[in-house]
Amino acid sequence: MTTWTQLTATRLAATHPAATDLAANPAAGHRDLTLALFAFFVLVTLGITVWAGRQTRTATDFYAGGRGFSGLQNGLAISGDYMSAASFLGIAGAIALSGYDGFLYSIGFLVAWLVALLLIAEPLRNSGRYTMADVLAFRMRQRPVRTAAGISTIVVSVFYLLAQMVGAGSLVALLLGIDGSAAKTWTVVVVGALMVLYVTVGGMKGTTWVQIVKAVLLILGAALMTVMVLAKYHFNPSTLLGAAAHASGKGSAFLQPGLKYGENGTTKLDFISLGLALVFGTAGLPHILVRFYTVPTAKAARKSVLWAIGIIGVFYLMTLALGFGAAALVGPKTIKASNAAGNTAAPLLAQSLGGGAGTTGGAILLAVISAVAFATILAVVAGLTLASSASFAHDLYANVIRRGKVGEREEVRSAKLAAVVIGAIAIGLSIYADKLNTAALVALAFAVAASANLPTMLYSLYWKRFTTAGAVSSIYAGLVSSVALVVFSPVVSGGPASLFPHSDFQWFPLENPGLVSIPVGFLAGWLGTVLSRRPADPGKYAELEVRSLTGIGAH
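So that you can map any letter, position 380 of the sequence shown is 987 in this note's numbering, and since no number is skipped, the others follow by simple counting.
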């Protein structure tokens, strides 16, 4: 029976010199090696999780890893949380298909850390306990603020989870050489089951160590591929860029701004919207914010962000070589044939660097890099699930539903149950989102975080008059506007790469809602405050200010 990849190879043989080899089953004859490496990574991470689970006894252990991680350890863990499937698979694909415009994702993700470092990291560590809502609720009414923050955390986390699941499905489909939806579905189910296991057994301590191991592996894997790509072109970046431009079929336009975001006025606005979402979204991502609680002091929190900036900066520089290397050595047509959104560009590049399809070296490098990418996905989904389940248990269940009358053991039990439910929701949604680029999906999560979470955090930490009404208004307005605009955007309907390609109910022209929804979040917070009949408590703000600056009274 003729497989999909064989048909793809036949179609592409005449259009790209490397297409015949690369479009064929990448893992043909070496599936045992690939599956063995996957199994090895999974068993190692499960071992770490079980070890950490035996040391997790209190709510502080489960939510914050006992606050026992150093700045370097937490910096590696933050990097592991941040360098997701979108970073490794999505950005490499975006650069390989869109050239300069694809690299804008890397720039936005990196610059965003300055906002987190300068405005959020230290005050959050000093003021909170387990979740983002701890800071918001400190000087405001508990129930409405925690409810809003908990809902926002879960929504942002689910958006981000979609990206990781889509990346996992594309990766395994590539390795097994199939295009059937059943294989991707089972991959998503397995990843979902593993992420729930990591969270329920290992808690924050297990998740953190998994992220540290994954960050080291990802940096080493990306560095190996970067050196191999540059060696192909005698370590001359100009030669590499020239080869990529030639192979792209776009010529010099491939290396200049505007290939994707310069077609017309709408795409230019989309670029501005994307930039705003990426730069402001990081400081509002729940799974990143909770990482600041795992260190013992504010000084360690600052150090962890500095380490993360250095590690992430090096990685995003390497995405240049990965993306343009994939364009030059694999070719956009072959990449699109494997996955229309470009999510398999990095694994296909690994195969090419190892010697090509059918060679032992190609199969080994493909298997290693794919296993690292799979480990990346597992680590990130665990962090996301932990953040969202912790928010449900600590904010919604313990402080809203039970009004604070709940023991630590019961609260942790509810967090584990929430992890199972959130995992099931993410699995169900991910099955239908496999056509979307992982970097684009993550950008949507950033837009929601920047619209709903960041305005509320900044107002709460730095505006004395900010009230409960302002906080609730900011979160809900930012959340509803960003999600609604996504639903009615080209990402969901109206195009071949949409979530529902055969339907058309879009009326919002931009793919990313940040340009509209971020100002809506800030405006709603201001309006809610100035129109509020219940003024803010100046004493509570003064206490929060002292605490955020000094750490006095922090848990």
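Positions of the beta carbon are idealized from the N, C-alpha and C atoms, including for glycine.
When the alpha-carbon of S705 is set against those of T846, P903, L679, Y868, the nearest one is in Y868.
Under the Cβ criterion (8 Å, minimum of three pairs), the segment 889–909 does not count as touching the segment 1066–1081. Less than 9 Å divides the Cβ of L683 from the Cβ of A822. Restricting attention to S694, G1077, A666, the CA atom closest to the CA of V921 is found in S694. Between L825 and M690, the C-beta spacing is below 9 Å. Comparing alpha-carbon positions, the option among G709, F716, A1025, T889 lying closest to S1058 turns out to be T889.
A980 sits away from G969, with the two beta carbons spaced by 9 Å or more. By a beta-carbon distance limit of 8 Å, H1001 contacts Y670. Their separation comes to about 7 Å.
Membership of S977 in the alpha helix (DSSP H) is indicated by the continuous run 967–998. Residue burial annotation: N946 is buried, with at least 16 other C-beta atoms found within 10 angstroms of its C-beta. When the alpha-carbon of G776 is set against those of K791, A770, V762, the nearest one is in K791.
Per DSSP, reduced to three states, the secondary structure at S1100 is strand. The three-state secondary structure of F1107, taken from DSSP, is strand.
Around the Cβ of R1141, a 10 Å sphere holds fewer than 16 other Cβ atoms; the residue is exposed.
Out of A850, A974, Y707, A666, the CA that lies nearest to the CA of F647 is found in A974. The beta carbons of I971 and L1061 sit no closer together than 9 Å. By the beta-carbon neighbour count (other beta carbons within 10 angstroms, threshold 16), K1012 is exposed. Spanning the alpha carbons of R1016 and Y707 requires a straight line of approximately 51 Å.
If you draw a straight line from the Cα of M925 to the Cα of V1007, it comes to about 45 Å.
If you draw a 10 Å sphere on the C-beta of S859, you find fewer than 16 other C-beta atoms in it, and that means exposed. Here the segment 1076–1096 makes contact with the segment 1121–1138; the two share three or more CB pairs at distances below 8 Å. Its Cα nearest to that of A666, the residue L993 stands out among I879, L993, L1156. Look at the segment 638–670 and you find these whole runs of alpha helix (DSSP H), each 4 residues long or longer: 638–661. Straight across, the Cα-Cα distance linking F1112 with A989 is about 34 Å. In the same chain as I727, and ignoring 5 residues on each side of it, the C-beta atoms closer than 6 Å to its own belong to A890, in chain order.
About 6 Å separates the beta carbons of S1037 and V773, which is inside the 8 Å limit, making them a contact pair. Per DSSP, reduced to three states, the secondary structure at L866 is coil, with no helix or strand assignment. Rounded to whole angstroms, V820 and L1134 show a C-alpha spacing of 45 Å.
The three-state secondary structure of A1040, taken from DSSP, is coil. Three or more Cβ pairs closer than 8 Å define a contact, and the segment 837–855 falls short of that threshold against the segment 715–734.
Closest option to R1010, judged by alpha-carbon separation, among L960, R753, T641, G1128: R753.
Pairing N950 with N843, the inter-Cα distance amounts to about 26 Å.
Taking the Cα positions, F676 is about 15 Å away from I895.
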